[in-house]
Every structure is written in structure tokens, then in C-alpha cells.
Amino acid sequence: MKPQAGLNNIGYRHVDTITVHNHPSYIPRDQVRKKANAQWVLTDLVNMATFLEPHVSGDGNKYKTPVLTSLTDYLNDRIVAGGFKKVNGVKQKLADVLAIYKGVHYLKTRSGGSWDDDFGANVITETEAEVWDALVLSRPE
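Set out below in C-alpha cells:
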């Protein structure tokens, strides 16, 4: 497994055999190494979204402890790499994903902004880079 460029600081790992279209085999619970650190891969995020969809509340940003506990169990039944996830780690990963979503939503809806689902902000020219830098300074979150 090799780290994916640019994503090392947010805890994601690239696994060559895992894609949106190619789901891996899950490790049976009794074969997951107890002392292994939890790892997050694309499949975990897909499974998280699938599980949470029927539990979305009004703003879609807050989930009660029983839902997060059930989500953690759901994810731990579907381990691809690493060890078991803990409720606090799942809660933090969900917060990270929602923060990314809010940032992309802001970029998609702000006046004069653009977002491409394949290329992101797609900053190419020096002028676009200056606009991007100013935007990042004004909204560091």
C-alpha cells in the first residue's frame, strides 16, 4: 500500500486494487488484527454514506451516539485494511468528510466560483491562483 499524493495529512491511503467500481473482499472480524491501527480507504467512505443515508436529519450534519455506534459496527464488519475503527475515530472522519463537502459546496455555489468533479477547483492560470489564494485566506476552514 502506498500513500496517495496530497492526501497523507488527512489519513487516507491508496490501495491499488480498490476503486469505486471494484469493491474488495472484507476481512472476517475474527481475522482482523486487534492491535492494528484503523485505516480508511475509499470503500469505507462509500459504506459510511450508504449506512448514514436513511439516518439523515434536517441539516444532515449531526448524528446521535446510537447511530454512530451502529455505523462503527457496520464499518467494522466491512474491514478492508488495518484494524477496527472506534466510535470517536468514525465521528472525526465523518466531521472531516462533512468539512470537505461544505468547502466544495461553497465553491460550487459562490458567485464567480467553479468546481469540477473531475478536476476540483482546476486552478490553471496565475490569475486563478491569486483568486484561489485570496479565497483560502478568507475561508481557512
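Every letter in the sequence shown is one number past the one before it in UniProt numbering, and letter 18, counting from 1, is 18. Ideal placement from N, C-alpha and C gives every residue a C-beta, glycine not left out.
Local Cβ density within 10 Å of residue i, reported as buried at 16 or more and exposed below that
| i | result |
| --- | --- |
| residue 38 | buried |
| residue 79 | buried |
| residue 47 | buried |
| residue 2 | Caution is warranted here: a pLDDT of 40 is assigned to residue 2, below 50, making its placement in the model unreliable, and no coordinate value can be reported. |
Residue j beta carbon less than 8 Å from that of residue i
| i | j | result |
| --- | --- | --- |
| residue 71 | residue 90 | yes |
| residue 45 | residue 97 | yes |
| residue 63 | residue 52 | yes |
| residue 77 | residue 29 | yes |
| residue 82 | residue 36 | yes |
Coil, strand or helix - residue i by DSSP
| i | result |
| --- | --- |
| residue 133 | helix |
| residue 58 | coil |
| residue 38 | strand |
| residue 103 | helix |
| residue 89 | helix |
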